[in-house]
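Q:
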Amino acid sequence: MTILNNFAAAYGPDAVAAIGIVQKIYMVPMQIAMGSSQGVMPLVGYSYSAKNYKRMKETVLFIAKVMVPIMVVSSIFCYFRAGWLVSLFMKKEEIVYYGGIFLRADSLAMTFLAIDFLAVGVFQAIGMGKKSLLFAVLRKIIFEIPALIILNMLFGVYGIAYAAFVAEFMLAICAVYMLRRIFRSLQV
7 MTILNNFAAA YGPDAVAAIG IVQKIYMVPM QIAMGSSQGV MPLVGYSYSA
57 KNYKRMKETV LFIAKVMVPI MVVSSIFCYF RAGWLVSLFM KKEEIVYYGG
107 IFLRADSLAM TFLAIDFLAV GVFQAIGMGK KSLLFAVLRK IIFEIPALII
157 LNMLFGVYGI AYAAFVAEFM LAICAVYMLR RIFRSLQV
């Protein structure tokens, strides 16, 4: 957030204020995704410990089938109602403008964020803490910060808005790949 705010500060205090508002709005679907992934962890862990890999895989797929549509609906709502949602917090035209840019970009990341959280939850539930740490490093240090720098140079404020989407999209690809490898190694 500090790095994002520093990049946004170049576009003025209204851009920084808009980021703060968007982060509050984004917290709602993000907490749903996080709660779902953490809520399923015990069942994944119990199934893994009991060597009931079929139930473990079914559990992960079930929660993915529930979370992804919820995140898609949240994403569509936030994307098309971005300006209205931001204006609930502040009516200043510039803040609503910047907030709309940032919320639309963040809304595209929501579904991928849910996939990332689910993968991290699975890693933690089956004792792969290093992979969870790897995903945290990948998300912010390897993917998002370079995306902020590069996209800001190329597209300005629009670039910094879409950096999180780029990071979450790339991390979701890694998450699906890792989950498939885990399930294959368990011969599920």
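Quick note: the sequence shown uses the working numbering, first residue 7, plus one each step. Using N, Cα and C, we set each Cβ at its ideal position, and we do this for glycine too.
1) Counting pairs of Cβ atoms below 8 Å between the region 106–125 and the region 37–54, do you hit three or more?
2) Assuming Leu91 and Cys84 form a contact by the criterion Cβ under 8 Å, report the distance between their Cβ atoms to the nearest whole angstrom.
3) Between which two residues does the alpha helix (DSSP H) holding Met159 run?
4) Taking buried to mean at least 16 other C-beta atoms within 10 Å of its own C-beta, is Phe129 buried or exposed?
5) Grouping DSSP H, G and I as helix and E and B as strand, with all else coil, what is Lys136?
6) In angstroms with no decimal places, state the Cα-to-Cα distance between Val176 and Lys98.
7) For Phe189, which residues of its own chain have a beta-carbon under 7 Å away from its beta-carbon, when the five flanking residues on both sides are left out?
8) Classify Phe161 as buried or exposed, calling it buried when 16 or more other Cβ atoms lie within 10 Å of its own Cβ.
9) Tell me the rounded alpha-carbon separation between Ile101 and Pro75.
10) If you run the structure through DSSP and keep just helix, strand and coil, what is Phe95?
11) Could you pull the start and end residues of the alpha helix (DSSP H) that Ala15 belongs to?
12) Measure the Cβ-Cβ separation of Gly106 and Gly89 and say whether it is below 9 Å.
13) Ends of the alpha helix (DSSP H) at Leu67?
14) Whole angstroms are fine: how far does the CA of Phe141 sit from the CA of Thr8?
15) Can the beta-carbon of Ala153 be found closer than 9 Å to that of Ala178?
16) Ignore the nearest five residues each way along the sequence and tell me which others in Ala24's own chain have a CB closer than 7 Å to its CB.
17) If you count every other CB in all the chains shown that lies within 10 Å of the CB of Val143, and 16 or more means buried, which is it?
A: Reading from the atomic positions:
1) yes
2) 7 Å
3) Element bounds for Met159: Ile151 to Phe161.
4) By the 10 Å Cβ count, Phe129 comes out buried.
5) helix
6) According to the sequence displayed, residue 176 carries Met and not Val. For the pair Met176 and Lys98, the Cα-to-Cα distance works out to about 34 Å.
7) Lys63
8) exposed
9) 30 Å
10) Coil.
11) Thr8 to Ala15
12) yes
13) Leu67 -> alpha helix (DSSP H) spans Tyr59 to Phe86.
14) 20 Å
15) no
16) Val92, Ile101, Tyr104, Gly105 and Phe108
17) exposed
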